[in-house]
Every structure is written in structure tokens, then in C-alpha cells.
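Have a look at the structure below before the remarks.
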Amino acid sequence: MLDLTQLRSFVAVEQMGSFTLAAERLGLGQSTVSQHIQRLETTLGRKLLARDTHKVVLTGDGEALLSHARMMLSIEGQVQSLFKDSSLRGRLRLGVSEDFVTSQLPAVLEDFVRSHPSVDLELTVALSGALYEMQDNGEIDLVLAKRRLGDARGTLVYREPLVWLARDPDHVFAQGPLPLIAFPPPSVTRTIALEALSRMQVPWRIVCTCGSLSGLTAAARAGMGVLVQPRSMAPSGLKEIGAARLPLLEDVEFVLVPRKGADQALVSALSEDILGKVRGLRSAA
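This is how it looks when you write it as C-alpha cells:
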């Protein structure tokens with residue numbers, strides 16, 4: 001019989017790509033997580049994880065096990081919830097900014113969904129400005145998005161520097177007015193970038209506008225122009241452009257903003273989960 005504790009460690013390592021980060025997330029020692037994986041591999045008689053030059057990855061047998069492991073942990077969560085008098089129930093509408101989704105959201109949400117199977121979590125992904133507008137209209141209960149420095153809304157999750165990025169900076173600067181790749185309005189990063197360029201009187205032009213970070217990243221990797229992103233979320237294949245060539249950008253802050261009138265028990269539970277996991281991931285990185 002498979003051990004659910006060992007399966008939980010296996011799923012955490014897959015999500016985080018690291019024994020150290022998985023241990024931080026589970027509140028265990030790294031040696032304990034390693035023992036869980038070793039015992040699971042011994043039980044199955046298969047190698048489940050392998051290391052490449054950057055992180056821990058699944059083997060073919062690990063890939064085959066992953067969906068079944070998640071299903072077993074989900075069933076465990078459902079059973080536990082069934083017999084908990086204090087189990088959370090209801091609907092919670094979560095809005096998350098586009099750039100956060102591709103970096104940390106899966107690891108943050110998976111445990112919450114598994115632990116609270118009676119909560120119907122509805123996810124909306126959009127630009128920060130659009131999410132705030134939707135929340136003002138009563139369409140979203142909790143927003144996880146960016147705010148500018150000096151904005152008092154929400155609870156601070158963490159602060160992050162913005163950086164200029166390009167595949168080949170020298171090629172970009174040889175094109176005349178600075179070619180920009182940007183989210184459409186309302187976009188916090190776009191506004192900050194344009195204000196910085198205007199202050200320094202740097203001529204610019206928009207060469208690509210897209211509401212999807214994957215689209216913007218593709219354009220930047222194709223060498224079309226310069227992209228602005230939080231430093232920790234910088235896509236691979238792009239180089240950071242220093243302050244000697246482009247104006248320094250102000251930091252942004254990622255925050256949690258609840259809607260007045262939302263179910264406070266649900267909002268508080270998810271907010272605490274997000275705060276704990278995101279801050280834990282950043283302190284361990």
C-alpha cells in the first residue's frame with residue numbers, strides 16, 4: 001500500500017523542483033523529504049526523480065505516478081473535509097494578475113484546493129488594473145495583483161523590482177526609438193515604464209501589445225523589442241538591461257485585496273495560505 005505522506009512529499013518536490021523548497025513548503029527537514037522519496041521508490045521498485053543541471057525533474061515512471069498521486073491526495077482531502085465540523089464551504093472568486101500565474105500560482109493553489117474540496121474556487125486571470133475594476137463591480141472576492149508604491153490598498157505580500165529585458169539589447173538600441181513590448185492599458189508595468197521613459201525624454205514606440213504574458217515573451221524572444229517584468233519573473237532567454245542604458249524603474253508590490261461583503265472565512269483562509277506559501281518560497285529561494 002502506498003504511503004500518503006510519501007506521496008505528498010513526491011508531489012511537493014515535483015511542484016517546487018527542489019528538495020529544499022519542498023521541505024520548506026511542507027514544514028519538514030530536507031532529509032525527511034529525501035527519505036520519503038527513497039522509501040516510495042523502494043516500494044514501487046522504480047526511479048521517480050532525477051536531477052538535471054538546474055532542478056529536480058520527474059522520470060518517465062515519475063510522470064506516470066504523478067496524476068495518481070494527486071488523485072489519492074485529493075480523495076484524502078475530501079474524506080477529511082467530510083468529517084470536519086469546521087470545513088469551509090461556498091464559492092470564492094479569485095482574481096490573479098497575468099504574470100503571477102505563470103510563476104508561483106500552481107504551487108500556491110494546489111494544496112488549498114485539495115484541503116478544501118467543498119470550496120468552489122473560481123479563477124480569473126487578467127491585468128492588475130482590470131482585476132481591480134472587476135472587484136469594484138462586485139465580480140471578484142479576492143485579488144492577488146500588483147500595486148504601485150504609495151498605493152494603500154490591500155495587504156502586502158512582497159515587493160519586487162521591475163527590470164528592462166531584451167533578447168539582444170545592442171540590436172534593440174540600434175533600431176531608433178526604443179521598441180516596447182507591453183501589456184495593454186490598464187497595466188501597472190506599462191504605466192511605470194512609459195513614465196520613466198518620459199522623465200528621461202527617451203523616444204519610444206509600441207511594437208507589440210498583448211494581454212498574455214506568453215505572447216509578450218514570444219515577441220521579446222523573437223527580438224522585437226524591450227519587455228518590462230518583475231525581476232524574479234523574467235522569462236528565460238532574455239537579458240536584463242542596466243540603468244546605464246535605460247532609466248531605473250520603480251518597484252512594484254504584490255498585494256492581496258479582499259472585497260467588502262465577501263465571505264470572510266473563505267477570504268481569510270485563502271489569504272493566509274497565499275501569504276504563508278509565497279513568503280516561504282521567497283525566503284527559501
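In the UniProt record's numbering, the protein residues as written are 1 to 285. Note that beta-carbon positions come from the ideal geometry of N, C-alpha and C, so glycine has one too.
1. Assuming contact is defined by CB atoms lying nearer than 9 Å, are residue 114 and residue 74 in contact in what I supplied?
2. Taking the C-alpha atoms as reference points, what is the distance between residue 72 and residue 110?
3. Taking the Cβ atom as the reference point for each residue, do residue 313 and residue 166 lie within a distance shorter than 9 Å?
4. With DSSP run on the structure shown, which of helix, strand or coil describes residue 202?
5. Quick one: what's residue 120 bridged to in DSSP?
6. In the DSSP output, which residue or residues are listed as bridge partners for residue 267?
7. Taking the alpha-carbon positions, what's the residue 198 to residue 6 distance?
8. Mind checking who residue 208 pairs with in its DSSP beta bridge?
9. Rounded to whole angstroms, how far is the Cβ of residue 238 from the Cβ of residue 246, which I believe are closer than 8 Å?
10. Assuming the contact rule is C-beta atoms closer than 8 Å, residue 178 and residue 202 should be a hit. Round their C-beta distance to whole Å, please.
11. Using 8 Å as the threshold, is the segment 19-26 in touch with the segment 87-106, meaning 3 or more CB pairs across them?
12. Which whole-angstrom value describes the C-beta separation of residue 217 and residue 230, a residue pair presumed to lie in contact below a C-beta threshold of 8 Å?
13. Considering only residues of the same chain and omitting the five flanking positions on each side of residue 50, which have a CB-CB separation below 7 Å?
14. According to DSSP, simplified to helix, strand and coil, what is residue 28?
15. With a threshold of 16 other CB atoms inside 10 Å of the CB of residue 62, please say whether the residue is buried or exposed.
16. Below 8 Å on the Cβ atoms is my contact criterion, and I expect residue 157 with residue 254 to pass it. Report the Cβ-Cβ distance as a whole number of Å.
17. Cβ of residue 123 within 9 Å of Cβ of residue 96?
18. Measuring only the C-alpha atoms, how far is residue 101 from residue 125?
Taking the definition as stated:
1. Cβ atoms of residue 114 and residue 74: closer than 9 Å.
2. 13 Å
3. Examination of residue 313 is not possible in this model, given that the chain is present from 1 through 285 alone.
4. In the three-state reduction of the DSSP assignment, residue 202 falls in the coil class.
5. 91
6. Under DSSP, residue 267 shares a beta bridge with no residue.
7. 55 Å
8. Per DSSP, 181.
9. In fact, because the Cβ distance is near 14 Å, the residues do not count as touching under 8 Å.
10. 6 Å
11. no
12. Their Cβ separation, rounded to whole angstroms, is 13 Å, which puts residue 217 and residue 230 out of contact at 8 Å.
13. Closer than 7 Å at Cβ, skipping near neighbours: 57, 59.
14. coil
15. By the neighbour-count criterion, in which 16 or more other beta carbons inside 10 Å mark a residue as buried, residue 62 falls on the buried side.
16. Your pair residue 157 and residue 254 checks out as a contact, with CB atoms roughly 5 Å apart and the cut at 8 Å.
17. yes
18. 8 Å
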